[in-house]
Every structure is written in C-alpha cells, then in structure tokens.
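Just so you know, the protein sequences line up as chains A and B, in that order. For the first sequence, position 88 matches number 109 in my numbering, and the numbering has no gaps at all. For the second sequence, position 50 matches number 723 in my numbering, and the numbering has no gaps at all. Cβ coordinates follow ideal geometry from the N, Cα and C atoms, glycine included.
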Amino acid sequence: MATNPSTYALSQSSDSKQRLQQRRRLFQETEWTRSDGRSFHQCRPAFLRTGAANAASGSAYAEFGATKVIVSVFGPRESKKAMMYSGTGRLNCNVSYTTFSTPVRGQGSDHKEYSSMLHKALDGAIILETFPKTTVDVFALVLESGGGDLPVIVTCASLALADAGIMMYDLVASVSVSCFGRNLVIDPTSEEEACQDGTLMITCMPARNEVTQLMLTGEWTTAKINEAMELCLDACSKLAEIMRSCLKEAASGSS
Amino acid sequence: MTTMLRELRLSLNQTQRVRLQSALQRLQDMASLASAVTVVADTIPVNHEDSILKGHGTSDLNGEVVATLCGVVERVNKLVYVRAQRARYKPEVGDIIVGRVIEIAPKRWRLEINFSQDAVLMLSSMNLPDGIQRRRTAVDELNMRSIFEENDVICAEVRGFQHDGSLHLQARSQKYGKLERGMLLTVPAYLVKRRKQHFHHLENYGVDLILGCNGFIWVGEHVNSNGGNDMMVDQENRGLVNKSEVGQATCEVQEQITPLEIRKHVCRVANSVRLLCALGFSLTVEVIVDTVEASISSNTDIKDILAAEFYVQTAEREVQRRVSLTRRKG
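Below, the structure written as structure tokens:
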C-alpha cells in the first residue's frame, strides 16, 4: 500500500486559484505591462462594419481585439405577442454566445443578464413613438469573448439599429473601465476582467451628453468613480466618431 | 476601396478594379450636389432666417435641426427631411405593391409587404373570380383559400390607412391578383420610384415585370390580363369538369407549362434586376431593359450577368447614360 492514502488529490481548482491570487498580486503593483502591449488608458483598436447579415433589416460586425460580435436587427415588424394596441413600439433584445466563444468549448457562462442590460442601454436612444404597434428585434451573437463583451455588444447594436434605418436620438457608445487597486485600466481583456477589483461601464449618447446606462460593481471611492467616468466618457465620444465614419462610409459607398 | 459586406462577392482583377473605381467615382462626382450623407445626431445645416419645416427623420435639439436617421438629406422648398437608404417601405395611397400572403384571417388576408406592419386585404375589397358584384356570403368566406393560399404572391393597390394605423389594400381590377410562374425579387424600397406605370410587358421576351413600390419585384411569364381571369374561372370550375372535357383539360395543362425559352428570359431579367440592385441604381423599366439588351448583345451568359466583367460594364454604361443626359440638358 502507498504510504500516503491519497483519497483526494490536491484539487485542480485550488491550484488555479493560487495562480489567480498570484496574478492578482501582480496587478496590485503600480506598473505592469498589459498582455497586448497597451498603456492603461488605451482602448483596443475598434473595427466596425455594417451589413454583416443579408437577411436582417440591419446588421453590424464589431471586433475589438479578441472580442468579436455580430448583431442583426429585424423590424420594425408586427408584434405577434401583444396584439393589443400600444402607441409606442417594443424593443426586444437577445444576447447569445456561440459554443466556441470561450477558450474551453462550452465553458462560458450564458450571461443571461446581458439581454436585459442591452435593452436598457438602447431603450433610451430609440424613438419608440415612431413605430406604434410594432416590434424591433435585436439579436446579438458573441463569436469570441475576449473581455469587455457588453460594451462591444451595445456599440455594435446601436450601429446595427442605425443601419436598419430606425429613428434614434443618437448613437450609443459604450466603454468599460476596470479598477486594480490604485490603477484604472480601460477596455479590459478577459484575463484582466478575471482579476479586477471593480468595474464601471458607461453607455452614453455623446452628441447629447446623456448617459443611458451606468453599471458599477466592486469597491470604489468617489474620486475614483469620477476619474473613471471622465475616462469612459472621453473614450465614448472618440468611439462614436469611429462609428460615425463607419456609417458614413457605408452610406456613401452604396449610393 | 473598402469592400462592403452586403454587396455581391466579386473577384475583380486589377484592371476591372481600376475601371470600376473610376466609374463609381464619376457617378459620385455627378451626384455630389444632390446627396449629402448624414449620420444619426448630425446637425443639418439650415438657414434659420427662412422658416423651415422639419420633416421625417429630423428632430430639434437646442434650436438646431438634428438627424435621427442615417441617410441622405433632401430639401423640397421649405421642407427638410432625411431619406434613409435601408429603411422599410412607407406606403402611400394608390401605390401598387407586390406582397406575399402570410395568413388567412376571418374575411381577410394578411400580407407581408416590407412595411413595419402586415397589410390587410379584405375579402370585400377585391373582385371575386366570377366577376359578379354581390354581397360576400359565408360561403365565399369559407372558399377564401381557393382564391389565395398562404405563401401566394399577389399584386394589389394601397387603399388607405385605418384609424389604428393598419394598412388596407384593394384588388378591384383584372390586373391585380395572384402572380404565378415567375420570380419574386426583394430590393430596397427606395430603388423603385413611383411612376405612372408599374406593370410592364416586355414583349420581346414574353415576360411580365411588375415593379412594386414596396421593393418587391415580380418577373414572370406574360399572362393576358383577361386570360388571367379566365384561368381563375377555370380553377373554380375544374372540379366540375365532366368526363367528356378531360381531353380538353389535359390540353390546357400542357399549355400551362412555361417553355424553357421564357424561363431563361425570366432568369435574365431577374439577374439584371439583381445586378442593378447591387450597384444601387434606380430600377426603371428602361434601365432594366437596357441592361438585358446589353447582356444579350455582349453574349453574356445568364449566370455571368452577376459576375465581375458585366458588373463593371454596367457601371460604365450608367456613367455614359448620365453624361449624355446632362449634355442633352445643357
């Protein structure tokens, strides 16, 4: 018989937890290089295109680093659920992940809450009064999850809505910031998201200076929140410029 | 040049690419006065001294006119509005539309017509196949499926809006009704302009072309508008055909098979429409016929109409056409 009756092996998860702790300690230090060589206040390069899906009324594809999202918009079309008369249109959002979106197949969470969060982010920007009795369906599909998924989904969805010719007050741009001890890191990757102390996400309409949604998790000081918000809003307005140029290019290219 | 995802997938060689680019550039130069592309929340420059009317796709923000759609700014006298390129069809009374039946409801058919809602065609607002004006009875209501079934493509006219905003159609003429033996093409609605005539019979090809204002385009074998009615009566009576007429009936069935030649013509016209749609040119019967003729005279195969070489040629021909138009004006 073996000298040590190893009924239980040292669990794998505790090993990985240890590694996580180690990495977290690394992130607590003042300076470290990010995995993709960005500085702390530098976003991933944004690649945006409209017209990704032919069958949809409008669609868009967004690629921010490793995060790849495709959004299709259907409608406005007749509401099938509620045949009751309503003066305003309905917005229906759905976010889904492909099975191959995470490094380990089928291991990612469904992010069920993302659908309602996407709805909240877009609700304020769409002029729902312009299509009574009808529904607009927004389907977001995350092809690859590389961190900062929700901001990318929201950005891509507003682009798809604009492509579908749906009346909006403004484009919705979204950026998130992660907090590591004293450091603020914009547009985190999934690796960084796994070790963050807190996160702040803003979706806003830059031309109107209005925020449609703000999400805050973790421990923050007021000064930090202010700093993070400034950072986000600035990034949002720059992202909106990229979105505009994308739409402009699409419009002048097809006419 | 950035390749759009929605366009046709073309493999252009170097010279073709250069030719296409120069053609598109010239088209853009010619149209530069007319089109000013805006994006959501862009300010539309207006002269505030003049009184202006804010139209579709605009809203007011701090005294400025702001776009709420992506598209092209249009100005008609005092009216300023934004015309979206990929928006859904907006019906107007009297429009001729092509639609697909999606549901049979009590006394009405529901049609998909690329509008934000389904259109409604009431049993009472269409001519019955027997052509007699009379009250619609419960029997007629039960026989609705013998007139139009689900997934049938039909042609009708916009009658008007109800109080709740739903859209009603009518088909009170021989020329409206079921469309058979042909193809339905869907294009963006803005490519079809409202004109006097939307029904076209291309006599050289034996093809009917219906340009629906909603962007649904029908290309099918030619049917006599009177003959079409006879056919419907035939369908009604077919159940009653007695045995002595069986021979005649089979003869009729023979006639109903579309000859190969016509099928090819239908495909050729359909591909021409697809090509013009991909290039984003307005679809008028003249341009379509012109493209079809060019494809025949250049011995282009039906499938090659959608290939790179003919694509570039069509763009160049459009440049020529517009140049000659402006010359004639000047």
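Beta-ladder partner(s) of residue i, from DSSP
i, result
"Phe-201 (chain A)", "A:Asn-204"
"Met-189 (chain A)", "A:Ile-147"
"Lys-851 (chain B)", "B:Ile-827"
"Tyr-82 (chain A)", "A:Arg-70 and A:Ile-91"
"Thr-224 (chain A)", "A:Ser-195 and A:Gln-234"
"His-841 (chain B)", "B:Val-793 and B:Gly-833"
"Asn-115 (chain A)", "A:Phe-160"
"Asp-733 (chain B)", "B:Val-738"
"Arg-868 (chain B)", "Answer by DSSP bridge pairing: none, since Arg-868 (chain B) is not bridged."
"Leu-857 (chain B)", "B:Trp-891"
"Leu-784 (chain B)", "B:Val-774 and B:Ala-792"
Nearest to residue i (by Cα), restricted to the options the options
i, options, result
"Ile-935 (chain B)", "B:Gly-953, B:His-874, B:Asp-702 and B:Arg-781", "B:His-874"
"Lys-851 (chain B)", "B:Val-860, B:Phe-821 and B:Thr-957", "B:Phe-821"
"Val-193 (chain A)", "A:Glu-99, A:Lys-89, A:Leu-260 and A:Ser-80", "A:Leu-260"
"Val-831 (chain B)", "B:Asp-837, B:Met-856, B:Leu-842 and B:Gly-838", "B:Leu-842"
"Ala-76 (chain A)", "B:Leu-693, B:Leu-815 and B:Val-860", "B:Val-860"
"Glu-214 (chain A)", "A:Val-198, A:Arg-70 and A:Glu-270", "A:Val-198"
"Ile-147 (chain A)", "A:Lys-133, A:Arg-111 and A:His-132", "A:Arg-111"
"His-729 (chain B)", "B:His-721, B:Val-946, B:Asp-723 and B:Val-745", "B:Val-745"
"Gln-761 (chain B)", "A:Gln-128, A:Trp-53 and A:Asp-184", "The residue you asked about is not Gln; residue 761 (chain B) is Arg in the sequence shown. Comparing Cα positions, the closest option is A:Asp-184."
"Ala-862 (chain B)", "B:Gly-885, B:Arg-845 and B:Asp-881", "B:Gly-885"
"Arg-773 (chain B)", "B:Arg-807, B:Arg-808, B:Gly-767 and B:Ala-829", "B:Ala-829"
"His-871 (chain B)", "B:Thr-957, B:Lys-727 and B:Val-826", "B:Thr-957"
Sequence-distant residues of its chain with Cβ nearer than 7 Å to residue i (five each side left out)
i, result
"Asn-944 (chain B)", "Ile-975, Ile-978 and Leu-979"
"Ala-981 (chain B)", "Leu-683, Ser-684, Leu-685 and Gln-689"
"Glu-248 (chain A)", "Leu-205"
"Ser-732 (chain B)", "Val-739 and Thr-741"
"Ala-256 (chain A)", "Cys-64, Val-196 and Ile-207"
"Gly-145 (chain A)", "Thr-233"
"Arg-126 (chain A)", "Thr-120"
"Arg-947 (chain B)", "Leu-858 and Leu-979"
Where the alpha helix (DSSP H) containing residue i begins and where it ends
i, result
"His-938 (chain B)", "933–952"
"Ile-725 (chain B)", "Premise fails: Ile-725 (chain B) is in no alpha helix (DSSP H) and is neither H nor E."
"Asn-697 (chain B)", "Reading off the sequence shown, one finds Leu at residue 697 (chain B), where the question assumed Asn. Here the alpha helix (DSSP H) through Leu-697 (chain B) covers 687–704."
"Glu-212 (chain A)", "211–215"
"Glu-966 (chain B)", "958–970"
"Val-175 (chain A)", "170–184"
Opening and closing residue of the beta strand (DSSP E) in which residue i lies
i, result
"Phe-872 (chain B)", "872–875"
"Ile-820 (chain B)", "Note, Ile-820 (chain B): premise wrong, no beta strand (DSSP E); alpha helix (DSSP H) at 817–820."
"Arg-748 (chain B)", "744–749"
"Trp-53 (chain A)", "Taken as a continuous stretch (DSSP letters only), Trp-53 (chain A) belongs to no beta strand (DSSP E), as it is neither H nor E."
Same chain, Cβ closer than 6 Å to residue i, neighbours up to 5 away in sequence not counted
i, result
"Gly-86 (chain A)", "Arg-65 and Gly-167"
"Lys-1002 (chain B)", "none"
"Val-92 (chain A)", "Ala-81, Ala-161, Cys-177, Ala-178 and Ala-181"
"Leu-235 (chain A)", "Ile-223"
"Asp-903 (chain B)", "With a pLDDT of 44 at Asp-903 (chain B), under the threshold of 50, the predicted position of this residue should be treated as unreliable, and no value is reported."
Contacting residues, own chain, Cβ-Cβ under 8 Å from residue i (five flanking each side not counted)
i, result
"Ser-266 (chain A)", "none"
"Leu-700 (chain B)", "Ala-988, Glu-991, Val-992 and Arg-995"
"Lys-154 (chain A)", "Glu-99, Ser-100, Tyr-106, Ser-107 and Gly-110"
Coarse secondary structure for residue i, derived from DSSP in three states
i, result
"Asp-768 (chain B)", "coil"
"Ile-978 (chain B)", "helix"
"Val-125 (chain A)", "coil"
"Glu-99 (chain A)", "strand"
"Ala-757 (chain B)", "strand"
"Asp-881 (chain B)", "strand"
"Glu-894 (chain B)", "strand"
"Ser-955 (chain B)", "coil"
"Ala-256 (chain A)", "helix"
"Leu-801 (chain B)", "coil"
"Val-985 (chain B)", "helix"
"Arg-996 (chain B)", "Reading off the sequence, residue 996 (chain B) comes out as Val, not Arg. Reduced to three states, the DSSP call for Val-996 (chain B) is helix."
Any non-hydrogen atom of the ligand COA within 7 Å of residue i CB
i, result
"Val-960 (chain B)", "Absence of the ligand COA is noted for the structure shown, with no ligands found whatsoever."
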